[in-house]
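K.L.:
The working numbering puts the first residue of the sequence shown at 1, with every later residue one more than the last. C-beta: ideal position from N, C-alpha, C; glycine also. Following this message is one structure expressed as structure tokens.
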Amino acid sequence: MRECALLSLVVPVYNEEEVLLQSYRRMHDVLTALPCDFEILYVDDGSRDGSWAILEEIVRQDERVRALRFSRNFGHQIAVTAGMDSADGDVIVIIDGDLQDPPEVIPEMLAQWQRGYDVVYGKRRSREGENAFKKWTASAYYRFLRRMSAYEIPLDTGDFRLIDRKVAEVMASMPEHNRFLRGMPAWAGFSQMPVAYERQSRAAGPTHYTLKKMVRLA
Ligand code: UDP
Ligand code: MG
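Following this line, the structure appears as structure tokens:
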């Protein structure tokens, strides 16, 4: 069984003042129970609300937390990329900051990594609290994408996943500017394993994935 010395949790944050503290506490509780050390790496993607002040306070109180701050809003994929690039862990877990990806799934992801899988991705069994439009566009989009691609991109899978360091290094070496992080590990190869989970409602606040951002990602 593989041993993990350090797990890096990468959390992109854009105007999440309403959920940040609650989300930090839940992530922290899950990570403390893991059989390895951890760091939490927040990337503030140009928030205009009180998110940065909250992050500064968390960093002050917990030495295992680091935070990067963007000069403006660059977008979710770029925020996650910056977090991955500065992560030190042998495994990296990408998770949304709004608790839609339940941190309680992380131990199961780590267990699959210990068994030898290099990418363990969260597969949404259901989506709570999202409107019919979002569900329909997401479902149609992932199915269309799958038919169009030459390699297997898993269905109903977002960016919530665990990535082994060597896969993260391959991703970091890829020169694309317009990054599609949930497709890149599939392209890179390596052994992949899904873990099913129920996508939760946002703990609070509105989505920051506007229709324009969704179209751009697509
Ligand atoms: N996010 C970000 N930059 C953006 C939009 C979103 O860093 O421009 C973050 C956001 O704070 C959250 C995650 O990316 O942690 C997913 O965004 P959101 O919850 O708004 O999207 P949805 O879950 O509705 O698709
Ligand atoms: Mg969300």
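(1) Does DSSP classify residue 94 as helix, strand or coil?
(2) Hey, quick one: how far does the alpha helix (DSSP H) through residue 23 stretch, first residue to last?
(3) In or out: residue 140 buried (at least 16 other Cβ within 10 Å) or exposed?
(4) Please report the straight-line C-alpha distance between residue 81 and residue 68, rounded to a whole angstrom.
(5) Taking DSSP's pairing of strands, which residues face residue 157 in a bridge?
(6) Could you tell me the alpha carbon to alpha carbon distance between residue 40 and residue 131, rounded to whole angstroms?
(7) Candidates 129, 114, 113 and 109: which alpha carbon is nearest residue 122's?
(8) Is the beta carbon of residue 118 sitting closer than 8 Å to the one on residue 205?
(9) For residue 115, which residues does DSSP report across the bridge?
(10) Can you give me the Cβ contacts of residue 24 inside the same chain, cut-off strictly under 7 Å, excluding the 5 residues immediately before and after it?
P.N.:
The short version:
(1) strand
(2) 20 to 32
(3) exposed
(4) 12 Å
(5) 123
(6) 30 Å
(7) 109
(8) no
(9) None, per the DSSP bridge assignment.
(10) 58
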